[in-house]
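Read through the structure below, which is laid out as structure tokens, and then see the notes.
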Amino acid sequence: MKPIPLILDCDPGHDDALAMILAAHNPALKLLGITTVSGNGGITKVTLNARRVATLARINVPIAEGAGKSILGAFEEANDIHGESALDGAELPTPSMELSELHAVDLIAKLIRESSEPVTLVATGPLTNVALFLKMYPDLKSRIKEIVFMGGSASRGNRTPYAEFNIWMDPEAADVVLRSGLALTMCGLDVTHQALVTSKVFTRLQEIGTPLSETIIGLLKFFAKTYDEVFEMPDPPLHDPVAIALLIDRTVVKSRFVNVQTELNGTLTRGATVVDIHGRLGENANCNVALELDADKFWEMMLDAIKKAGVTK
Ligand code: BDR
Ligand code: CA
Numbered sequence: 051m052k053p054i055p056l057i058l059d060c061d062p063g064h065d066d067a068l069a070m071i072l073a074a075h076n077p078a079l080k081l082l083g084i085t086t087v088s089g090n091g092g093i094t095k096v097t098l099n100a101r102r103v104a105t106l107a108r109i110n111v112p113i114a115e116g117a118g119k120s121i122l123g124a125f126e127e128a129n130d131i132h133g134e135s136a137l138d139g140a141e142l143p144t145p146s147m148e149l150s151e152l153h154a155v156d157l158i159a160k161l162i163r164e165s166s167e168p169v170t171l172v173a174t175g176p177l178t179n180v181a182l183f184l185k186m187y188p189d190l191k192s193r194i195k196e197i198v199f200m201g202g203s204a205s206r207g208n209r210t211p212y213a214e215f216n217i218w219m220d221p222e223a224a225d226v227v228l229r230s231g232l233a234l235t236m237c238g239l240d241v242t243h244q245a246l247v248t249s250k251v252f253t254r255l256q257e258i259g260t261p262l263s264e265t266i267i268g269l270l271k272f273f274a275k276t277y278d279e280v281f282e283m284p285d286p287p288l289h290d291p292v293a294i295a296l297l298i299d300r301t302v303v304k305s306r307f308v309n310v311q312t313e314l315n316g317t318l319t320r321g322a323t324v325v326d327i328h329g330r331l332g333e334n335a336n337c338n339v340a341l342e343l344d345a346d347k348f349w350e351m352m353l354d355a356i357k358k359a360g361v362t363k
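Counting from 51, one number per residue, gives the positions in the sequence shown under the working numbering.
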């Protein structure tokens with residue numbers, strides 16, 4: 051099978067960093083580029099982190115910086131979970147690769163134009179860049195195979211009681227994506243809360259025994275500490291790589307094709323994704339919603355990518 055061409059739009063971020071590694075080091079995928087969006091940290095921080103992780107994990111694709119604020123101009127960081135740098139917990143290398151001169155949205159357009167096949171967009175941060183791309187380059191919509199995004203939830207949230215962080219950060223952008231008419235897959239908290247970094251995972255990381263796996267252990271220990279403090283979850287959920295794993299093997303998740311809308315108002319529920327599992331609103335289905343994870347299969351893929359990324363040639 052030909053590898054699937056994809057672009058990863060992310061806000062690294064501990065779990066974004068691991069999503070980068072999985073996207074770059076699995077033979078079923080062809081990573082074309084990485085773009086950044088503010089979310090877990092401000093745009094300068096997350097762009098630096100993306101370049102650091104790319105250097106650390108031998109990822110040689112163009113990286114471009116994108117939106118620093120939501121469509122309506124909002125900005126906040128997730129220091130409580132990801133720390134001051136947005137990627138606390140280990141020493142990371144000085145980046146060796148250049149930053150693209152293009153804005154993220156323009157790099158996405160360029161890579162899609164240059165690709166001989168339709169491209170999959172994976173978003174593991176707020177959907178700002180993706181929404182801007184859809185508005186600025188409507189002629190390229192037909193060149194998108196699918197948009198897979200980590201965000202939302204069919205039940206409760208994590209940034210507010212009902213809003214998941216990525217959707218909360220830019221609900222208007224999520225609304226643009228959900229109304230785009232494109233093939234969509236949502237990887238929300240329902241499924242990502244099944245990708246837990248357990249003590250068994252830490253043991254397997256230790257067994258890999260490369261400088262990269264050591265660095266990842268440091269990062270994930272920090273992530274486990276903050277998740278325990280904030281959410282009473284000592285085994286933290288590794289959200290973002292799930293959105294990549296399902297491209298490698300669709301059987302890693304079980305999904306339902308249903309109607310999903312974003313709450314843009316709501317006194318207490320702005321940013322919530324309204325996932326109509328039983329079709330009670332009578333609206334057309336617009337999104338595949340991943341609900342169940344084969345965690346063993348997921349971890350095999352993730353750990354294999356970490357092994358491959360850590361091999362020095
Ligand atoms: C999402 O929010 C961020 O903190 C993570 O990187 C993930 O993309 C989980 O709600
Ligand atoms: Ca993220």
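Glycine included, every Cβ here is placed at the ideal spot set by N, Cα and C. Predicted, not measured: the structure shown is a model, and the values here were computed from it.
Secondary structure at Gln311, three-state DSSP: helix, strand or coil? Working through the sequence shown from its first residue, we reach residue 311 at position 261. Strand, per DSSP.
Look up Lys52 in the DSSP assignment and say whether it is helix, strand or coil. For the purposes of this step, residue 52 is identified with residue 2 of the sequence shown, where counting begins at 1. It is coil, neither helix nor strand.
With a cut-off of 8 Å on the beta carbons, I'd call Val87 and Ala117 a contact; round off their distance for me. Counting from 1 along the sequence shown, the entry for residue 87 is found at position 37. Counting from 1 along the sequence shown, the entry for residue 117 is found at position 67. Sure, about 5 Å apart at Cβ, within 8 Å.
Val302 (DSSP reduced to helix, strand or coil): Start at 1 with the first residue of the sequence shown, and residue 302 comes out as number 252. Looking at Val302 - three-state DSSP - the assignment turns out to be helix.
Please tell me whether Leu269 and Ala128 are closer than 8 Å, where the distance is taken between their beta carbons. Counting from 1 along the sequence shown, the entry for residue 269 is found at position 219. Counting from 1 along the sequence shown, the entry for residue 128 is found at position 78. One thing to note: Leu269 has its Cβ no nearer than 8 Å to the Cβ of Ala128.
Confirm, please, whether the CB-CB distance from Ile298 to Met351 is below 8 Å. Within the sequence shown, residue 351 is the residue found at index 301, counting from 1. Within the sequence shown, residue 298 is the residue found at index 248, counting from 1. Closer than 8 Å, so yes.
Would the region 201-208 count as touching the region 235-247 if we require 3 or more Cβ pairs under 8 Å? As far as the Cβ criterion goes, the region 201-208 touches the region 235-247, which means the pair count is three or higher.
Mind reading off the beta-carbon distance from Thr170 to Leu343? Whole number of angstroms is fine, and I expect it under 8 Å. Along the sequence shown, one-based indexing puts residue 170 at 120. Along the sequence shown, one-based indexing puts residue 343 at 293. About 19 Å separates the two Cβ atoms, so there is no contact after all.
Alpha-carbon spacing of Phe183 relative to Lys160, whole angstroms: Position 133 of the sequence shown, counting from 1, holds the residue named residue 183. Position 110 of the sequence shown, counting from 1, holds the residue named residue 160. Spanning the two alpha carbons is a distance of roughly 11 Å.
CB of Cys60 to nearest heavy atom of ligand 2: below 7 Å? Your numbering for residue 60 matches position 10 in the sequence shown. Correct: Cys60 has its Cβ closer than 7 Å to ligand 2.
Buried or exposed: which applies to Asp384, given that a residue is buried once 16 or more other Cβ atoms fall within 10 Å of its Cβ? Outside the shown range of the chain (51 to 363) lies residue 384, about which nothing can therefore be said.
Which residue spans inside the region 95-172 form an unbroken beta strand (DSSP E) run of at least 3? 113-115
Entirely enclosed beta strand (DSSP E) segments - the region 53-90, minimum 3 residues: 54-60 and 79-86
So Ser135 and Leu82 are in contact, right, with Cβ under 8 Å, and what is the actual spacing, rounded? On the sequence shown, position 85 is the one that residue 135 refers to. On the sequence shown, position 32 is the one that residue 82 refers to. With 8 Å as the limit, Ser135 and Leu82 do not qualify as a contact, their Cβ atoms being about 27 Å apart.
Taking the straight line between their C-alpha atoms, what separation do you get for Leu296 and Ile121? Locating residue 296 in the sequence shown gives position 246, counting from the first residue. Locating residue 121 in the sequence shown gives position 71, counting from the first residue. Rounded to whole angstroms, Leu296 to Ile121 spans 28 Å at the Cα level.
Roughly how far, in whole angstroms, is the beta-carbon of Ala223 from the beta-carbon of Leu177, given that I think they are within contact range, below 8 Å? As a working note, residue 223 is residue 173 in the sequence shown. As a working note, residue 177 is residue 127 in the sequence shown. Right, the Cβ-Cβ distance comes to about 4 Å (below 8 Å), so this counts as a contact.
Status (buried if at least 16 other CB within 10 Å, exposed otherwise) for Arg102: In the sequence shown, residue 102 corresponds to position 52, counting from 1. So Arg102 counts as buried.
Distance between beta carbons of Ala69 and Ile294, contact taken as under 8 Å: To locate residue 294, count along the sequence shown from 1; it is residue 244. To locate residue 69, count along the sequence shown from 1; it is residue 19. Between Ala69 and Ile294 the Cβ distance is about 5 Å, and since that is below 8 Å, they are a contact.
Assuming the contact rule is C-beta atoms closer than 8 Å, Pro286 and Val247 should be a hit. Round their C-beta distance to whole Å, please. For the purposes of this step, residue 286 is identified with residue 236 of the sequence shown, where counting begins at 1. For the purposes of this step, residue 247 is identified with residue 197 of the sequence shown, where counting begins at 1. Indeed they touch by this definition, with Cβ atoms about 5 Å apart.
For Met51, which of Ala73, Pro77 and Asp65 has the nearest alpha-carbon? Taking the sequence shown and counting its residues from 1, the one referred to as residue 51 is at position 1. Selected option, being the one with the closest Cα: Pro77.
Tell me the DSSP secondary structure of Ile194 in three-state form. Counting from 1 along the sequence shown, the entry for residue 194 is found at position 144. Residue state, collapsed to three classes: strand.
Residue range of the beta strand (DSSP E) that Thr235 falls in? Here residue 235 refers to the residue found at position 185 when the sequence shown is read from its first residue. Looking at the DSSP string, the run of the beta strand (DSSP E) that includes Thr235 is Leu234 to Cys237.
In three-state DSSP terms, what is Val325? Position 275 of the sequence shown, counting from 1, holds the residue named residue 325. The answer is strand: DSSP assigns Val325 an E or B state.
Alpha carbons only, please: which of Thr144, Asp354 and Glu148 is nearest the one belonging to Arg370? In the structure displayed, the chain extends from 51 to 363; residue 370 sits before or after that span and is not available.
Collapsed DSSP secondary structure at Ala340 in the structure displayed: Working through the sequence shown from its first residue, we reach residue 340 at position 290. Strand.
In this structure, does DSSP put Leu296 in helix, strand or coil? Start at 1 with the first residue of the sequence shown, and residue 296 comes out as number 246. Reduced to three states, the DSSP call for Leu296 is helix.
Endpoints, alpha helix (DSSP H) assigned at His174: Start at 1 with the first residue of the sequence shown, and residue 174 comes out as number 124. The question names His, but residue 174 in the sequence shown is Thr. According to the DSSP assignment, Thr174 belongs to no alpha helix (DSSP H), since it is labelled neither H nor E.
Could you tell me which residues DSSP puts in a beta bridge with Phe199? Reading the sequence shown from its first residue, position 149 is the one you call residue 199. Paired residue(s): Ala173 and Met236.
Closest to Val303 by C-alpha separation, out of Ala233, Thr260, Phe348 and Ile327, would be which residue? Position 253 of the sequence shown, counted from the first residue, corresponds to residue 303. The shortest C-alpha separation from Val303 is found at Phe348.
Just the Cα atoms here: how many angstroms apart are Leu98 and Lys119? Start at 1 with the first residue of the sequence shown, and residue 98 comes out as number 48. Start at 1 with the first residue of the sequence shown, and residue 119 comes out as number 69. Between Leu98 and Lys119, the C-alpha separation is close to 17 Å.
Using DSSP with H/G/I as helix, E/B as strand and the rest coil, what is Pro291? Your numbering for residue 291 matches position 241 in the sequence shown. Helix.
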